[in-house]
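Colleague: Residue numbering for the sequence shown follows the UniProt record's numbering, starting at 1 and increasing by one per position. The structure is given below, and queries will be raised subsequently.
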Amino acid sequence: MISEGSLSRVVNEAGNSRDRQAAEVERLLRLAACEQDRRRAALLEEAILAGVPTARAVASRYHRRGVDSDDLFQVAYVGLVKAANGYRPGPDTDFRSYGIPTIQGEIRRHFRDRAWMVRPPRRIQDLQAAINTAEGELAATLHRWPTFQDLADHLGVTLEQIIEAQRAQGCFQPASLDARLSGAPSLSLATLIPDPNDTYQLVDHVEALRPVVADLPARDRLILRRRFVDHRTQAEIGAEIGVSQMQVSRLLRNIMLVMRAALTG
């Protein structure tokens, strides 16, 4: 087990390393500002290479959002190059304060303009970007993950608009209809999508699932209601029942396997 002192030392060393990297980038950019032509270009290149760890750290915040990690890093590098070329050192300036927002902006533009496999209306894209920013800010202020209502109040939009934007999150990387289901490899996602014109099948499914849901533990029924009726996020559900978001995901997966087994048994 790592002791508290060892952990503190590791954190301090990591922070000192980042500070040294930032100081080196700042030094090189200030030297470049006083040079011209090839000497300036060489110093800028050195500064960009020294800033690569910072760009990768910023890109890592956007992992698992539907864009390949290598693509994220490449976009972050583009933002780093733009920041290094656009930075104008002054007595009270700091490259990190200019460079990190520039890199973040480049990544967000990539999500907005290139990452959609199914492109929703622009208003939803813009609202999703605002939600991504607001979630971190509100979590730091509220000391918990914000609810949909918290986000709506903060952004000055309706609760229905927040729910609509959150439902479109999968448009970055939608699941294939031919994808096989974990726990039921003989089934694909397409087999679980009901035909809206086949009301008999819908009634059959409802009646088949009614006793299954009734037999679920109270916590599982609450999770189902919060997720599919109240449209709560997994983080919100976890906060309510006292478990982590990962545990909620695992519980939901197990619940859905039970319900699928009832429909296919």
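Backbone N, C-alpha and C define an ideal beta-carbon position, used for all residues, glycine too.
#1: Please report how far the alpha carbon of residue 124 lies from the alpha carbon of residue 37, in whole angstroms.
#2: Determine the DSSP secondary structure at residue 79, reduced to helix, strand or coil.
#3: Only counting the same chain, and skipping five residues up and downstream in sequence, which positions put a Cβ closer than 7 Å to that of residue 104?
#4: Taking three-plus beta-carbon pairs below 8 Å as touching, is the region 61-71 in contact with the region 25-36?
#5: Do you know whose CA, among 142, 63, 27, 121, lies nearest residue 167's CA?
#6: Given this structure, state the Cα-to-Cα distance separating residue 232 from residue 148, to the nearest angstrom.
#7: I'd like to know whether the C-beta atoms of residue 151 and residue 134 end up nearer to each other than 8 Å.
#8: Do residue 226 and the ligand MG come close, with the Cβ less than 7 Å from some heavy atom?
#9: In whole angstroms, what is the alpha-carbon distance linking residue 258 and residue 225?
#10: Smallest Cα separation from residue 230: which of 216, 164, 208, 262?
#11: Hey, quick one: how far does the alpha helix (DSSP H) through residue 147 stretch, first residue to last?
#12: Check whether the Cβ atoms of residue 98 and residue 83 sit closer than 8 Å, and answer yes or no.
#13: Once DSSP output is grouped into helix, strand and coil, what is the label at residue 92?
#14: Taking all protein chains shown into account, do 16 or more other C-beta atoms lie within 10 angstroms of the C-beta of residue 248, making it buried, or fewer, making it exposed?
#15: Given a cut-off of 8 Å, decide if residue 29 and residue 41 are closer than it, judged by their beta-carbon atoms.
#16: Quick one: residues in its chain with C-beta nearer than 6 Å to the C-beta of residue 14, no 5 flanking neighbours on either side, listed in chain order?
#17: What does the alpha-carbon distance come out to for the pair residue 155 and residue 131?
#18: Tell me the residue span of the alpha helix (DSSP H) that contains residue 236.
#19: Taking only three categories from DSSP, how would you classify residue 158?
#20: With a 10 Å radius around its C-beta and 16 neighbouring C-beta atoms as the bar for buried, classify residue 102 as buried or exposed.
#21: Thinking C-alpha only, which one of 215, 239, 64, 228 is nearest residue 262?
#22: Taking DSSP as the reference, what is the three-state secondary structure of residue 217?
#23: Could you please give the first and the last residue of the uninterrupted alpha helix (DSSP H) stretch that includes residue 60?
#24: Who are the Cβ neighbours of residue 63 in its own chain at under 8 Å, not counting the five residues just before and after it?
Modeller: In this structure, then:
#1: Here residue 124 corresponds to residue number 124 of the sequence shown, with the count starting at 1. Here residue 37 corresponds to residue number 37 of the sequence shown, with the count starting at 1. Distance between the alpha carbons of residue 124 and residue 37 is about 45 Å.
#2: In the sequence shown, counting from the first residue as 1, residue 79 sits at position 79. If DSSP states are grouped into helix, strand and coil, residue 79 belongs with the helices.
#3: Position 104 of the sequence shown, counted from the start, is the residue given in the question as residue 104. Around residue 104: 58.
#4: no
#5: Counting from 1 along the sequence shown, the entry for residue 167 is found at position 167. By alpha-carbon distance to residue 167, the top candidate from 142, 63, 27, 121 is 121.
#6: In the sequence shown, residue 232 corresponds to position 232, counting from 1. In the sequence shown, residue 148 corresponds to position 148, counting from 1. Their Cα atoms are separated by approximately 7 Å.
#7: Mapped onto the sequence shown, residue 151 falls at position 151. Mapped onto the sequence shown, residue 134 falls at position 134. Contact: yes.
#8: The ligand MG is not part of this structure, which contains no ligands at all.
#9: To locate residue 258, count along the sequence shown from 1; it is residue 258. To locate residue 225, count along the sequence shown from 1; it is residue 225. The straight-line gap from Cα to Cα measures roughly 16 Å.
#10: As a working note, residue 230 is residue 230 in the sequence shown. Minimum Cα distance to residue 230 is reached at 164.
#11: Numbered from 1 along the sequence shown, position 147 holds the residue referred to as residue 147. Where residue 147 is concerned, there is no enclosing alpha helix (DSSP H), given that its DSSP letter is neither H nor E.
#12: For the purposes of this step, residue 98 is taken as residue 98 along the sequence shown, with counting starting at 1. For the purposes of this step, residue 83 is taken as residue 83 along the sequence shown, with counting starting at 1. Against a cut-off of 8 Å, the Cβ pair of residue 83 and residue 98 comes out as a contact.
#13: Working through the sequence shown from its first residue, we reach residue 92 at position 92. Here residue 92 sits in coil by DSSP.
#14: Reading the sequence shown from its first residue, position 248 is the one you call residue 248. So residue 248 counts as buried.
#15: For this step, residue 41 is matched to residue 41 along the sequence shown. For this step, residue 29 is matched to residue 29 along the sequence shown. No, the Cβ-Cβ distance between residue 41 and residue 29 is not below 8 Å.
#16: Residue mapping note: residue 14 aligns to position 14 of the sequence shown, counting from 1. Reliability fails at residue 14, whose pLDDT of 47 lies under 50, so the model's placement of it is uncertain and the value that follows must be treated cautiously. Result list for residue 14: empty, nothing under 6 Å.
#17: Translated into positions along the sequence shown, residue 155 becomes position 155. Translated into positions along the sequence shown, residue 131 becomes position 131. Each residue's Cα considered, the two are about 8 Å apart.
#18: As a position in the sequence shown, residue 236 is number 236, starting the count at 1. It spans 234-241 - the alpha helix (DSSP H) in which residue 236 sits, taken as one unbroken run.
#19: Counted from its first residue, the sequence shown places residue 158 at position 158. Residue 158 falls in the coil class under three-state DSSP.
#20: To locate residue 102, count along the sequence shown from 1; it is residue 102. Looking at its Cβ environment, which holds 16 or more other Cβ atoms inside 10 Å, residue 102 is buried.
#21: Against the sequence shown, residue 262 aligns to sequence position 262. Of the candidates 215, 239, 64, 228, the one whose C-alpha sits nearest the C-alpha of residue 262 is 215.
#22: Taking the sequence shown and counting its residues from 1, one reaches residue 217 at position 217. The answer is coil: DSSP assigns residue 217 none of H, G, I, E or B.
#23: Within the sequence shown, residue 60 is the residue found at index 60, counting from 1. Residue 60 -> alpha helix (DSSP H) spans 52-60.
#24: As a working note, residue 63 is residue 63 in the sequence shown. Excluding positions up to five away in sequence, the list reads 69, 72.
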